[in-house]
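Trainee: Attaching a single structure in structure tokens format; questions to follow.
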Amino acid sequence: MTSTATTTPTPGPQRRGKVRRALTSDWAARVSFYIAVLLGWQLLAWQVERMPAPWETFDFILRELAGASHGGVITGEFWEHFLATLQRFSIGLVVGFVIGVVLGIGIGSLPFIKSLLNDVMLVFLALPAVIWAFLTVMWFGLGWEAPVYTVILSTIPFVAVNVTQGVRAVSPDLHRMSDAFKVPRQRRVRHLMLPALTGYLFTGLRFAVIIGWNAVLLAEWFGSVNGVGWRSRFWYDASRYRGFVGWVIIFIGFIFLVDGLVMRPLQRKAFRWRDGRAGADQAETGEAMIDTIVAAGV
Amino acid sequence: MTQAAIDSTVPRSASPWRRTWGLVLGWVGFLALWAFVSRFVLDEFILPGPTKVGAAMWEIVVEGQFIDDFAASISKTFMGFGLGALIAVPVGYSMGTSRYWKAFFHDGVVGAGSIPGITYAVLALVVFGTGFLGPVLAVAFISMPFIALSVAEGVEGVDPNLVSMARAFHRSDTQTSRHVVVPSIAPFVFAGVRLAFAIAWKVEALTEVFGSSNGVGFQIRFAFQAFSITNVLAWTLLFIIFMLLIERGLVVLERRVFRWRTWDLTA
């Protein structure tokens with residue numbers, strides 16, 4: 014009895030301060046954000062008949078993942094669709110990135126090409142991915158081609174613009190100094206061009222990942238016979254909204270994981286030489302953060 | 007953002023004369039390539055040439071029906087924008103002033119950029135059906151993080167020395183906010199609005215593609231279902247040209263309004 018009394022003392026001012034600090038810590042703030050989102054979702058589910066509740070949706074996701082029955086002959090088919098989409102996405106991403114880099118280096122290093130393509134590029138940047146999805150579906154029909162080409166076509170301009178900026182970010186003074194000291198071309202590429210370009214390459218790759226993921230989903234929604242986009246539409250057309258929202262959670266979760274755990278740290282690391290340690294912390298609000306959401310996958 | 011990204015990379019050394027030539031040549035070359043590919047490499051049906059698409063665009067403009075669709079799309083975009091700003095300004099303000107709220111909204115604001123646009127479009131459809139609320143709220147949602155971040159950045163950038171000087175000279179709170187706080191936040195907000203707009207109209211069109219009974223997105227969807235590549239391209243290009251002009255106008259307006267600043271956020 015006496016021992017419990019000593020372990021739970023009456024909350025003195027010091028103790029209260031500790032609890033308060035824990036509740037107002039950054040970590041607690043972030044957790045409460047997610048709780049607020051879940052609560053908002055639950056409220057929405059109560060108000061809107063078509064919107065499934067969170068627990069229904071998570072139950073669906075587990076069944077889909079485990080290949081269990083959805084209450085009928087239809088069983089979960091997560092891996093089949095996810096892997097098909099992942100394959101199309103990766104192929105499109107690699108091809109689009111390589112073409113974008115080549116184009117970006119061309120535009121960045123040759124002023125003539127730059128003035129030629131400046132305006133045309135603007136229109137291509139503004140072209141929403143859904144237009145590419147429609148065009149490729151009409152060109153290639155239902156199959157793997159439409160998603161792959163949609164990813165390629167919608168990522169190229171964003172990669173190219175970033176690489177162009179990277180090429181132009183190389184200080185002209187350093188170029189002139191290299192000229193003066195007759196630095197060989199190979200060393201110039203290795204020590205001058207590449208370090209300046211790396212950060213922009215990663216930014217371009219990150220934008221391509223975000224934009225390409227949206228593009229592959231759109232193309233599969235309108236013209237495919239399997240894949241994540243198709244499966245979402247399958248549940249939508251069947252008016253089984255918990256399946257549909259379940260897949261929305263899956264494809265958002267995937268891009269959050271890839272972006273938050275891989276792409277964003279890589280981008281920050283690649284720009285470390287420029288931003289410095291203080292810069293990386295400052296970037297939390299600031300222009301750098303706006304820069305990171307500018308790509309928004311549309 | 008696209009405009010700004012391009013602007014900042016325009017070679018300063020090139021003379022305006024050469025730039026104009028390059029620009030004209032670029033467009034002529036692009037149209038010629040397009041015409042060549044559509045006639046000799048692919049098929050006129052697979053990829054209609056620029057003259058055919060141009061004729062379709064002209065027809066859409068002359069017929070006059072496009073005014074209704076454009077008006078519908080643009081009013082939805084601006085309404086969503088207004089709603090988004092109404093929510094985002096207090097959110098951004100609290101992010102700029104309090105560490106707790108900054109951490110609270112951090113994941114939502116940063117994550118919002120990587121959410122695929124298709125999410126907003128289809129969820130709006132599920133929750134609000136094919137009415138006009140869906141696109142409006144989708145636009146509000148997509149524009150909120152940009153505006154909130156800009157406001158937060160602006161609030162953090164207010165010079166505390168200026169504020170304490172205003173206090174020292176016994177200026178009232180309204181005077182302080184009118185002459186110190188608002189002028190230093192405004193440029194950031196405007197830059198945020200311009201960035202958000204570039205994304206917002208695309209999401210608006212996408213939402214209309216998925217479910218709407220009017221608007222440019224609806225017309226694009228209609229053309230897709232009628233398998234008319236010409237009309238898909240015509241509606242898309244008309245809309246892109248129009249929206250790029252508005253974006254351009256925002257940049258010009260921004261430069262004019264904030265001419266007094268020593269630095270330029272549009273670069």
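Protein chains in written order, with my numbering: chain A, 14 to 311; chain B, 7 to 273. The beta-carbon is built from N, C-alpha and C at its ideal position, and this holds for glycine as well.
Should B/ALA192 and B/PHE245 be called a contact, given that it needs their Cβ atoms to be closer than 9 Å?
Mentor: Position 186 of the second sequence holds residue 192 of chain B. Position 239 of the second sequence holds residue 245 of chain B. Not in contact: B/ALA192 and B/PHE245 (Cβ atoms no closer than 9 Å).
Trainee: Find out if the Cβ-Cβ distance for the pair B/GLY119, B/LYS208 is shorter than 9 Å.
Mentor: Against the second sequence, residue 119 of chain B aligns to sequence position 113. Against the second sequence, residue 208 of chain B aligns to sequence position 202. In this structure, B/LYS208 does not lie closer than 9 Å to B/GLY119 by Cβ.
Trainee: Taking 9 Å as the cut-off, decide whether the C-beta atoms of A/TRP226 and A/PHE267 are in contact.
Mentor: Locating residue 226 of chain A in the first sequence gives position 213, counting from the first residue. Locating residue 267 of chain A in the first sequence gives position 254, counting from the first residue. Yes. Within cutoff.
Trainee: Should the stretch 255 to 264 of chain B be regarded as contacting the stretch 158 to 169 of chain A, the criterion being three or more beta carbon pairs within less than 8 Å?
Mentor: The stretch 255 to 264 of chain B vs the stretch 158 to 169 of chain A: no contact.
Trainee: CB B/VAL157 to CB B/VAL115, shorter than 9 Å?
Mentor: Looking up residue 157 of chain B in the second sequence gives position 151. Looking up residue 115 of chain B in the second sequence gives position 109. No, they are not a contact pair.
Trainee: Have a look at A/ILE74 and A/TRP234 and give me their C-alpha separation to the nearest angstrom.
Mentor: To locate residue 74 of chain A, count along the first sequence from 1; it is residue 61. To locate residue 234 of chain A, count along the first sequence from 1; it is residue 221. One C-alpha to the other measures close to 19 Å.
Trainee: Please classify A/MET190: is it buried, with 16 or more other beta-carbons within 10 angstroms of its beta-carbon, or exposed?
Mentor: As a working note, residue 190 of chain A is residue 177 in the first sequence. A/MET190 should be labelled exposed.
Trainee: Kindly indicate which three-state DSSP category A/THR37 falls into: helix, strand or coil?
Mentor: Taking the first sequence and counting its residues from 1, one reaches residue 37 of chain A at position 24. Reduced to three states, the DSSP call for A/THR37 is coil.
Trainee: Does the pairing of the stretch 142 to 149 of chain A with the stretch 175 to 193 of chain A give three or more beta-carbon distances under 8 Å?
Mentor: no
Trainee: Are the C-beta atoms of B/ARG45 and some chain A residue less than 9 Å apart?
Mentor: Here residue 45 of chain B is taken as the residue at index 39 of the second sequence, counted from 1. Judged by the 9 Å Cβ criterion, B/ARG45 is not in contact with chain A.
Trainee: Tell me the residue span of the alpha helix (DSSP H) that contains B/ASN220.
Mentor: Residue 220 of chain B sits at position 214 when you count from the first residue of the second sequence. Where B/ASN220 is concerned, there is no enclosing alpha helix (DSSP H), given that its DSSP letter is neither H nor E.
Trainee: Terminal residues of the continuous alpha helix (DSSP H) containing A/ALA251?
Mentor: The residue given as residue 251 of chain A occupies position 238 in the first sequence. Per DSSP, A/ALA251 belongs to no alpha helix (DSSP H) and is neither H nor E.
Trainee: Quick check on DSSP: helix, strand or coil for B/SER120?
Mentor: Along the second sequence, read from residue 1 onward, the residue named residue 120 of chain B stands at position 114. Looking at B/SER120 - three-state DSSP - the assignment turns out to be coil, as it is neither helix nor strand.
Trainee: From what residue to what residue does the alpha helix (DSSP H) around A/ARG200 run?
Mentor: Taking the first sequence and counting its residues from 1, the one referred to as residue 200 of chain A is at position 187. Following the DSSP letters along the chain, one finds A/ARG200 inside the alpha helix (DSSP H) bounded by residues 198 to 201.
Trainee: Starting from A/THR3, follow its DSSP beta bridges and name the residues at the other end.
Mentor: No statement about residue 3 of chain A is possible, as the shown extent of chain A runs from 14 to 311 and does not include it.
Trainee: Run the CB neighbour count on A/HIS204, radius 10 Å, all protein chains shown included, and call it buried at 16 or more, exposed below.
Mentor: Looking up residue 204 of chain A in the first sequence gives position 191. When all chains shown are included, A/HIS204 counts as exposed.
Trainee: Chain B partners of A/ALA97, CB-CB under 7 Å?
Mentor: Within the first sequence, residue 97 of chain A is the residue found at index 84, counting from 1. Within 7 Å Cβ-Cβ: nothing; A/ALA97 doesn't reach chain B, min ~17 Å.
Trainee: Would you please state the rounded distance, in angstroms, between the beta carbons of A/VAL150 and A/GLY236? I believe it to be under 8 Å.
Mentor: Looking up residue 150 of chain A in the first sequence gives position 137. Looking up residue 236 of chain A in the first sequence gives position 223. Contact between A/VAL150 and A/GLY236 holds: their C-beta atoms lie close to 3 Å from each other, under 8 Å.
Trainee: Under three-state DSSP, which class holds A/ALA66?
Mentor: For this step, residue 66 of chain A is matched to residue 53 along the first sequence. In the structure shown, A/ALA66 sits in coil (DSSP, three-state: anything other than H, G, I, E or B).
Trainee: Could you tell me whether any Cβ in chain B is nearer than 9 Å to the Cβ of A/ARG63?
Mentor: Stepping through the first sequence from its first residue, residue 63 of chain A is reached at position 50. Interface residue, yes.
Trainee: Please confirm whether B/GLY70 and A/VAL133 have their CB atoms less than 9 Å apart.
Mentor: Position 64 of the second sequence holds residue 70 of chain B. Position 120 of the first sequence holds residue 133 of chain A. Result no, Cβ atoms of B/GLY70 and A/VAL133 do not sit closer than 9 Å.
Trainee: Would you identify the three-state DSSP class for A/PHE147, choosing helix, strand or coil?
Mentor: Within the first sequence, the letter at position 134 stands for residue 147 of chain A. Residue state, collapsed to three classes: helix.
Trainee: Could you give the DSSP three-state label for B/GLU50: helix, strand or coil?
Mentor: As a working note, residue 50 of chain B is residue 44 in the second sequence. Note: B/GLU50 maps to coil in three-state DSSP.
Trainee: Between the beta-carbon of B/ARG45 and the beta-carbon of B/GLY55, is there less than 9 Å?
Mentor: Reading the second sequence from its first residue, position 39 is the one you call residue 45 of chain B. Reading the second sequence from its first residue, position 49 is the one you call residue 55 of chain B. For B/ARG45 and B/GLY55, yes; Cβs fall inside 9 Å.
Trainee: Excluding the 5 residues flanking A/PHE91 on each side, which residues of the same chain have their C-beta closer than 6 Å to its C-beta?
Mentor: Counting from 1 along the first sequence, the entry for residue 91 of chain A is found at position 78. Here the set comprises GLU77 and LEU78.
Trainee: Taking B/MET278 as the reference, which of A/GLY256, A/LEU138, A/ARG198 and A/LYS195 has the closest Cα?
Mentor: Since the first and last residues shown for chain B are 7 and 273, residue 278 of chain B lies out of range.
Trainee: Could you check what DSSP says for A/PRO124 in three-state terms: helix, strand or coil?
Mentor: Taking the first residue of the first sequence as position 1, residue 124 of chain A is located at position 111. The answer is helix: DSSP assigns A/PRO124 an H, G or I state.
Trainee: Keeping to the same chain, check which residues put their C-beta closer than 8 Å to that of A/THR70; ignore five residues upstream and five downstream.
Mentor: If you number the first sequence from 1, residue 70 of chain A lands on position 57. Only ARG255, VAL258, GLY259 and ILE262 meet the Cβ criterion.
Trainee: Between A/GLY121, A/TRP68, A/PRO278 and A/PHE264, which has its C-alpha nearest A/LEU218's C-alpha?
Mentor: Translated into positions along the first sequence, residue 218 of chain A becomes position 205. The residue with the shortest Cα to Cα distance from A/LEU218 is A/PRO278.
Trainee: Run down chain A in chain order and give the residues with a C-beta less than 9 Å from the C-beta of B/HIS185.
Mentor: Looking up residue 185 of chain B in the second sequence gives position 179. Simply none; closest approach about 24 Å.
Trainee: From what residue to what residue does the alpha helix (DSSP H) around B/ALA237 run?
Mentor: Mapped onto the second sequence, residue 237 of chain B falls at position 231. Rather than Ala, the amino acid found at residue 237 of chain B in this sequence is Asn. Element bounds for B/ASN237: 235 to 263.
Trainee: Is B/THR213 closer than 9 Å to B/ALA127 when the C-beta atoms are compared?
Mentor: What you label residue 127 of chain B is simply residue 121 of the second sequence in a count that begins at 1. What you label residue 213 of chain B is simply residue 207 of the second sequence in a count that begins at 1. It is a contact, given that the beta carbons lie within the stated cut-off.
Trainee: What residues from chain B crowd round A/VAL164, counting only those whose CB sits closer than 7 Å?
Mentor: Within the first sequence, numbered from 1, the residue matching residue 164 of chain A stands at position 151. In chain order: nothing, as chain B lies at least about 12 Å away.
Trainee: Since B/ILE252 and B/ALA202 are thought to touch, with beta carbons under 8 Å apart, how far apart are those beta carbons, to the nearest angstrom?
Mentor: The residue labelled residue 252 of chain B in the question sits at position 246 within the second sequence. The residue labelled residue 202 of chain B in the question sits at position 196 within the second sequence. The Cβ separation is near 13 Å, so there is no contact.
Trainee: By DSSP, does A/GLY236 sit in helix, in strand, or in coil?
Mentor: Counted from its first residue, the first sequence places residue 236 of chain A at position 223. Coil, per DSSP.
Trainee: Is A/ARG43 close to chain B? Criterion is C-beta to C-beta, closer than 9 Å.
Mentor: The count along the first sequence starts at 1 and reaches residue 43 of chain A at position 30. Answer yes: the Cβ-Cβ gap between A/ARG43 and chain B drops below 9 Å somewhere.
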